[in-house]
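Number of protein chains: 2
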Amino acid sequence: MLSTPASAADLPSLRASIASQAEAVRSLKESGASKEALAPAVKELLELKGRLPEGDPDRPKPKQQKKKQPPPSPAAASPADASSDSIVPRSQDFSQWYQDVIKASELAESSPTRGSMIIKPWGMKVWDLLKKDLDGRITEKHGVDNAYFPLLIPKSFLSKEAEHVDGFAKECAVVTHHRLKADPADPANLIPDPDAELEEPLIVRPTSETIIWSSFRSWINSHRDLPLKINQWANVLRWELRTRPFLRTSEFLWQEGHTAHATGEGALEDARKMIGEYSQFTAETLALPTVVGVKSPSERFAGAEETYTIEALMQNGWALQSGTSHYLGQSFGKAFDVTYQTSDESVRETVYGTSWGVSTRLVGALIMTHSDDAGLVLPPPVAPQQVVIVPIPGKKEEEKAAVGKAVDKLAGELRGKGLRVKVDDRDWIRNGAKYYEWERKGVPLRIEVGPRDVAKSQCVLKWRKMKEDKEAVGLDDVAAIVDKGMGEYHDFLLQSARDRLAGGIRLDASYEDMKGLLEKDEAGAFDGAGLFLVPWKCDAANEDKIKEECKATIRCYPLDVNEMGMAEGKTCFYSGEPATHMALFGRAF
Amino acid sequence: MLSTPASAADLPSLRASIASQAEAVRSLKESGASKEALAPAVKELLELKGRLPEGDPDRPKPKQQKKKQPPPSPAAASPADASSDSIVPRSQDFSQWYQDVIKASELAESSPTRGSMIIKPWGMKVWDLLKKDLDGRITEKHGVDNAYFPLLIPKSFLSKEAEHVDGFAKECAVVTHHRLKADPADPANLIPDPDAELEEPLIVRPTSETIIWSSFRSWINSHRDLPLKINQWANVLRWELRTRPFLRTSEFLWQEGHTAHATGEGALEDARKMIGEYSQFTAETLALPTVVGVKSPSERFAGAEETYTIEALMQNGWALQSGTSHYLGQSFGKAFDVTYQTSDESVRETVYGTSWGVSTRLVGALIMTHSDDAGLVLPPPVAPQQVVIVPIPGKKEEEKAAVGKAVDKLAGELRGKGLRVKVDDRDWIRNGAKYYEWERKGVPLRIEVGPRDVAKSQCVLKWRKMKEDKEAVGLDDVAAIVDKGMGEYHDFLLQSARDRLAGGIRLDASYEDMKGLLEKDEAGAFDGAGLFLVPWKCDAANEDKIKEECKATIRCYPLDVNEMGMAEGKTCFYSGEPATHMALFGRAF
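Quick look at the structure:
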């Protein structure tokens, strides 16, 4: 694709690639590279510049460029490829940048089914890594058992818990027939067979509380059966009008935990423990810091008495609800008549419940937290490849052999450390294009190994973020350095995101301040007003008014500051009445 | 539940438990146990016998039994429990036995959604272990990437591949609306909102060829993009009239691999490689031997040019198709216009495809291959717990401490070997009930540790199958013995199943022989006529006639005997014409 002229949309990322390649040439020169060793890097630089628009001062003379250019490879000529790597800068259009990063990194793409996306291999591997880590925490650390419940839920189940049906029944996929048949009017067309209409429609699960609690009824009999802790990894579907990949799609993948307890205290403790686990998990695995809090009554899950949330701050200053945990009280216990016999045999009590979940939305959180104008940035625990080694084979056979041997040894050593390593030895792709591709895909570390490196018993490291410069490292030390570096890289991403979160929360803003700052915030804007931590008197009507006036909602009442009693003695920033909570306001996806 | 009288259906398993407990008492006596040490085992034996029907000679005197009986624990009094552990013998009713084993081992249960089952934690863990193993083979060994495609497929997609629509469009769940609303006539009732009818109905995927091939069209451009190998772990749904848990449910879990290749040879080779992998996987992981073969034209997958299959033999003599791999030729390539540019740039060719899948049906295969009248039997690779340690704490505090210490050490050593170990220290369940429960659930090995064992620095091993007798083993040697024993146990299960498969295939039967033997075969019967390997002239009309006359189908043309040319020179056992294949006939689930 480097041989096709760049479109206007391509330009910013092309310029970034040119700068990066120019830097590579410079550092090669500085390290005393011979003309021969320099040639491939210079060639790439010229080719990159050749994609600049006609008349651009950095564009090389046509003739010179043409002579050096190899015939385009079939892959490079792909129209799909040519359009897939352009990324609009965040500052120009944050929403478009988000879509572009997903496309350029090949995480996902839109599907022929309205509102659903296709998760491509790179995105699937990120999700599978995330899932494996979280599953271990859920099952081994918290003693929850996985199970699987039906996709389709009888319509009548949804009506059992009154609030729940209000919250969920509205927009969902309804199965009404169990057969298609050829249309008598046009046999090439298929229609739902009128003879195969279901007596009771089935709903594609928007969440599984109802069907799981109907099982709990027969699974729970004695206090010995409690707590009962079940988790399900599943696809769910909520019909959405406006969708964005990962953030909001009609169908999405998630885990949903459902627990039943003998006491309200036990259930509440579990709901809080799980939101704590989510917060720890997102930090440790996704380098994603969050504010842990409780939702205001109007933002609670349908059927919950308390909803805990982790809220993350995206690079445009908007919040993203990244996981929730609900204390259900006895709502589902009563709706599904789930009781247990206490140790006093004559007494039966209704059980208390929780539910908690995170979804593929977390991949959206990852993207909007760490990525930049060059593409995706991934923390090592969920990077499908953590290291890509690009061998620069040289021209002589003995050079090729030496590079090949060094690369094999290096890859083996890194894999021995448990790292996921890709050796990109495709001989039909130029080095610059490889660098550019793996940058877009967010691989934490690139290692280049050329003949001169081997001669000096070294290789060259380039981190995707954290360090601007390449660094030459001795081949004997590289495995240990990289292993340690991966941890530092994760810490760097986490600390950067923590700094942004801390800097993105304003304290002591007046309502007028907040309103004024948020007015400037548009959906596509970058680096917006952020979040506002303010004293607040809990009041649903005022909450609605603010939502109308500022498009801002209460993301949560953060647990830490509220438990410290920070709201005490303060007056509500909106009503002027005594504050009941410190509330975190902001715009949200 | 031991305190409730056994129903007639319970009797066989009750007698098995009594025999096992009597054996335990005998071996305790033989090992010189004191009266005190013997007492708990004797008590359990008496309690078990107490469940025998009135008048049974083995039933103890009522008074004596009553005196010894502790108050029933709440869990034991559960009506759900009391009915969940009875297993009809295979010889009495094989179908009922299958259902009983699933219930008694808590693998799964029926759901409120017609035709779907609930996979309970024990069954889920079996599936998750199976899945993890197979996923490694698919992704790491065969270089296939996981991805995820939408659950709902536009109706029009199904019509694109003509044969495919005939095979799949008929019985599937059709989504016609995207919203429910309160019924104006009865606001407590919900109805599909007529204003939310979809313009084009969506189908819950019965399989994903259509939507995946529509993506392949944009993913494949050059020969460099081939082969493209994608796998998806997903739920699928095919509306089924008669369902059986795991074997045939409307919704089921599976993996579906889809590959695209530049040449027909490449695709065919891949289809065969994957059926070979399935065969290896089922043997190595599930101890399930299979016959690898190719389907007759009338049994092919809709849209395939060749369907490969692995067929297993269940204990009732019926075959179970356990995995299939399809060579699709260019059918989907043409239907979805998927072409690639060859290395000669001026030429574009249509790609060739394969698809292959296994499902939760494999859990059904496991059950019907290894399990017995006492319940589930699991090969170690997919046993949620491989070892259960039952501490028999004794009465004195120092005995309890010594047993606890020995058990902790033992569990740690076994876990250090990578084994999944459960310590069953529930103090409200009697030992006999524990033994009985873990036997039902198929745990390969039980280890008992009592005070006298600790004094002798030993413990007692009881394998679920393989060895009838308990064996005392020194505590210092037990970890190594168990580790080695797990492999032997797997080999024992595999070899037993291989012997049954080899013995279950009749050679050189005449058609009249086969018909006569199969006539005696009923659905619920145990130890049926088995399979028939016969010379056959490929003929769909004759195949239909045999199906009608014998309820038998061609399970496959086994690859090995056909590649050896075994059919050459033989005449068809049905038509008398020259044989084209050796065919494996039999009844099947």
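Respectively, the protein sequence lines represent chains A and B. Mapping the first sequence onto our numbering, position 578 (from 1) lands on 578, and the numbers just tick up by one. Mapping the second sequence onto our numbering, position 481 (from 1) lands on 481, and the numbers just tick up by one. Note that CB positions come from ideal geometry on N, CA and C, so glycine has one too.
Asked: Rounded straight-line distance, which links the Cα of B/A540 to that of B/A262; Found: 32 Å
Asked: Chain A contacts made by the region 257-273 of chain B, where a contact means CB separation under 9 Å; Found: none
Asked: For B/W463: DSSP bridge partner residues; Found: B/L445
Asked: Contact belief for B/S105 with B/L376 at Cβ below 8 Å, rounded distance in angstroms; Found: 4 Å
Asked: is_contact[A/K141, chain B] using C-beta, thresh 9 Å; Found: no
Asked: Per-residue contacts from A/L129 into chain D (C-beta, under 7 Å); Found: Protein chains in the displayed structure are A and B, and chain D is not among them.
Asked: Contacting residues, own chain, Cβ-Cβ under 6 Å from B/A191 (five flanking each side not counted); Found: For the sequence presented, residue 191 of chain B should be read as Ile rather than Ala. Contacts found: D183.
Asked: Contact set between the region 172-184 of chain A and chain B, restricted to residues whose Cβ is under 8 Å from the partner; Found: C172, A173, V174, V175, T176, H177, H178, R179, L180 and K181
Asked: Exposure of A/Q321, with buried meaning 16 or more beta-carbon neighbours within 10 Å; Found: buried
Asked: Minimum Cβ-Cβ distance from B/I153 to chain A less than 9 Å; Found: yes
Asked: For A/K570 and A/A579, believed in contact at Cβ under 8 Å, the rounded distance; Found: 4 Å
Asked: CA nearest to the CA of A/L414, picked from A/H258, A/L445 and A/L46; Found: A/L445
Asked: C-beta atoms of A/T369 and A/L247 nearer than 9 Å; Found: no
Asked: Beta-carbon spacing of A/V144, A/N231 below 9 Å; Found: yes
Asked: Residue range of the unbroken beta strand (DSSP E) whose run includes B/K181; Found: L180 to D183
Asked: DSSP-derived helix/strand/coil call for B/W239; Found: coil
Asked: Distance, B/K131 Cα to B/D81 Cα; Found: Confidence at B/D81 is low in this model, with a pLDDT of 41, below 50, so its placement is unreliable and no value can be given for it.
Asked: Span of the alpha helix (DSSP H), counted from its first residue to its last, around B/P451; Found: P451 to A455
Asked: At least three beta-carbon pairs within less than 8 Å, the region 485-504 of chain A to the region 428-445 of chain A; Found: yes
Asked: Contact under 9 Å by Cβ, A/V347 with A/L313; Found: no
Asked: C-alpha gap between B/E519 and B/F281, whole angstroms; Found: 34 Å
Asked: 3-residue-minimum beta strand (DSSP E) runs that sit fully inside the region 197-267 of chain A, ordered along the chain; Found: 197-204, 228-237 and 251-261
Asked: Spatially closest choice to A/R440 from A/I367, A/A480, A/L151 and A/D344, by CA coordinates; Found: A/I367
Asked: Test item: CB-CB of A/G353 and A/T259 under 9 Å; Found: yes
Asked: Beta bridge counterpart(s) of B/A108 as assigned by DSSP; Found: B/I119
Asked: Chain A contact for B/A234 (CB, 9 Å cutoff); Found: yes
Asked: Closer than 9 Å to chain A by CB, B/N189; Found: yes
Asked: Per-residue burial, A/N235 [other beta carbons within 10 Å of its own, 16 or more giving buried]; Found: buried
Asked: Where B/C550 falls: helix, strand or coil (DSSP); Found: helix
Asked: Per-residue contacts from A/W239 into chain B (C-beta, under 9 Å); Found: H178, R179 and A196
Asked: Nearest-angstrom Cα separation, counted from B/S371 out to A/Q341; Found: 34 Å
Asked: Buried or exposed (CB count within 10 angstroms, at least 16 for buried), A/L241; Found: exposed
Asked: Extent of the continuous alpha helix (DSSP H) to which A/H581 belongs; Found: First-last for A/H581: H581 to G586, but that is the beta strand (DSSP E), not the alpha helix (DSSP H).
Asked: Neighbourhood of B/I118 by C-beta distance below 7 Å, restricted to the same chain and skipping five residues each side; Found: A108, E109 and S111
Asked: Range of the contiguous beta strand (DSSP E) that encloses B/W438; Found: No beta strand (DSSP E) holds B/W438; the alpha helix (DSSP H) holding it covers N431 to R440.
Asked: Where A/D85 sits in the DSSP three-state scheme; Found: coil
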